[in-house]
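Report on the structure given below.
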Ligand code: 9MR
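Numbering (this note's numbering), first residue to last: 7 to 359.
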């Protein structure tokens, strides 16, 4: 049942309409959409409050770093799986699902990959890496962000695919190669293309939605294995969400037979007002617009935020505030107290049945 039907149904019966979303979903017999976060191992294993929050709120985890090339591949011949294994073991011990992030990306690449000098070498390195990493977690990691952020920043004809070591040597074909190789390494794994900034009501947002649809359609038409789109959702709090544009986009992706995941939600708050209550309300409203626009067209299979507490977030690396106040992009504050953003996520994840 779609979320809207459920909500209308609840209003129709009257009886359910005053229940909390969680209770209403339970009454309707449905499971909420599993929620999760990316994880930093240091606080997970050193800060009981962080660990408690993860276990209290999450059903899904993904490593913020330890499965990236930069962490896994100190040199051409070595794989260092210790940190990723540690999180995998933690997830299994606590009945959490672990997603994989990521196999082919322009970012977080170790310097030695700049020595890759030919298409043959690029093909060999990319396929060896994917076979080894997907193979190691076969049957345990069931969903992989195979290709991360393939789109150019502002896609234009002739400049659709972002520069990377893979694009440089293999052109756009690296996307197909990565997907096919991951599929061969574990035919049961969910193959995801993951990208960001497709929700904004700007020319760039529209260009990115169109380029992504074209890319997905081309892959599907050519029979390339692909199962889902990951919509990251690093929302810019001061840029409006194109709600109808996002809903139509998701409807088109769904019509291609792809599932939708929200993979990296947070709200970048550098240009939002300073006072905490006002800022937290604006952050929550932005996320609500985003989730509602997606939910109007599809039930996302998972909703993950890129961090769970304001204490551990990438946002200040690029978007620190001019007034010097700490960023507040995530569902729990720096003291692990839930913020309005957590209410929005819980309400949304419980509102499907
Ligand atoms: O949050 C991550 C940060 O700690 C890393 O330094 C950075 C480079 O590895 O990646 C950040 O995570 C990014 C994710 O992997 C892909 N989408 C954008 C995320 C935020 O920049």
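Think of the CB as a built atom: it goes at the ideal place given N, C-alpha and C, for glycine as much as any other residue.
Own chain, CB closer than 7 Å to residue i, minus 5 neighbours either side, in chain order
| i | result |
| --- | --- |
| residue 306 | 39, 266, 267, 268, 300 |
| residue 184 | 109, 110, 132, 136, 152, 153 |
| residue 244 | 277, 278 |
| residue 231 | 185, 186, 189, 197 |
| residue 337 | 311, 314, 344, 345, 347, 348, 351 |
| residue 303 | 253, 256, 257, 260 |
| residue 172 | 110, 128, 132, 180 |
| residue 20 | The predicted position of residue 20 is uncertain, since its pLDDT is 40 and thus under 50; no value can be drawn from it. |
| residue 169 | 112 |
| residue 287 | 346 |
| residue 124 | 175 |
Beta-carbon contacts of residue i that lie in its chain and below 6 Å, excluding the five residues immediately before and after
| i | result |
| --- | --- |
| residue 108 | 151, 154 |
| residue 203 | 214 |
| residue 206 | 245 |
| residue 192 | 140, 144 |
| residue 217 | 157, 161, 166 |
| residue 46 | 70, 318 |
| residue 316 | 334, 336, 339, 340 |
| residue 323 | none |
Nearest candidate by alpha-carbon position, reference residue i, set the options
| i | options | result |
| --- | --- | --- |
| residue 90 | 102, 143, 64, 329 | 143 |
| residue 246 | 93, 233, 289 | 289 |
| residue 276 | 342, 330, 165, 56 | 330 |
| residue 214 | 200, 186, 157 | 157 |
| residue 333 | 272, 295, 302, 69 | 272 |
| residue 42 | 56, 52, 67 | 67 |
| residue 227 | 327, 113, 182 | 182 |
| residue 63 | 101, 78, 71 | 101 |
| residue 342 | 36, 56, 46, 325 | 56 |
| residue 325 | 242, 75, 281, 113 | 242 |
| residue 328 | 280, 175, 88, 297 | 280 |
| residue 249 | 58, 199, 294 | 294 |
| residue 282 | 99, 229, 339, 126 | 339 |
| residue 285 | 335, 270, 251 | 335 |
| residue 201 | 48, 84, 97, 270 | 270 |
| residue 233 | 208, 251, 194 | 194 |
| residue 208 | 95, 221, 225, 159 | 159 |
| residue 97 | 44, 199, 221, 251 | 44 |
Beta-carbon proximity of residue i to residue j, cut-off 8 Å
| i | j | result |
| --- | --- | --- |
| residue 60 | residue 50 | yes |
| residue 118 | residue 82 | yes |
| residue 354 | residue 321 | no |
| residue 274 | residue 240 | yes |
| residue 149 | residue 105 | yes |
| residue 262 | residue 223 | yes |
| residue 264 | residue 297 | no |
| residue 122 | residue 175 | yes |
| residue 71 | residue 358 | no |
| residue 65 | residue 103 | yes |
Close beta carbons around residue i, own chain, < 8 Å, minus the five adjacent residues each side
| i | result |
| --- | --- |
| residue 177 | 167 |
| residue 162 | 213 |
| residue 219 | 255, 258, 259 |
| residue 394 | Outside the displayed span of the chain (7 to 359) sits residue 394, for which this structure offers no information. |
| residue 292 | 241, 243, 247, 273 |
| residue 114 | 71, 74, 75, 76, 77 |
| residue 53 | none |
| residue 120 | 171 |
Extent of the continuous alpha helix (DSSP H) to which residue i belongs
| i | result |
| --- | --- |
| residue 75 | 75 to 78 |
| residue 122 | Careful: residue 122 lies outside any alpha helix (DSSP H) and carries neither H nor E. |
| residue 63 | 54 to 63 |
| residue 186 | 179 to 191 |
| residue 305 | Segment: none, residue 305 is in no alpha helix (DSSP H) and carries neither H nor E. |
| residue 212 | 209 to 227 |
| residue 94 | 88 to 99 |
| residue 173 | 171 to 176 |
| residue 251 | 249 to 261 |
| residue 353 | 346 to 356 |
| residue 324 | 321 to 325 |
Extent of the continuous beta strand (DSSP E) run through residue i
| i | result |
| --- | --- |
| residue 160 | 157 to 162 |
| residue 196 | 196 to 201 |
| residue 234 | 234 to 237 |
| residue 267 | 265 to 274 |
| residue 242 | 240 to 242 |
| residue 107 | 103 to 110 |
| residue 165 | 165 to 167 |
| residue 149 | 149 to 154 |
| residue 42 | 41 to 45 |
| residue 66 | 66 to 69 |
| residue 311 | 309 to 311 |
CB contact below 8 Å: residue i versus chain B
| i | result |
| --- | --- |
| residue 247 | Among the chains in the structure shown there is no chain B, since it carries only a single protein chain. |
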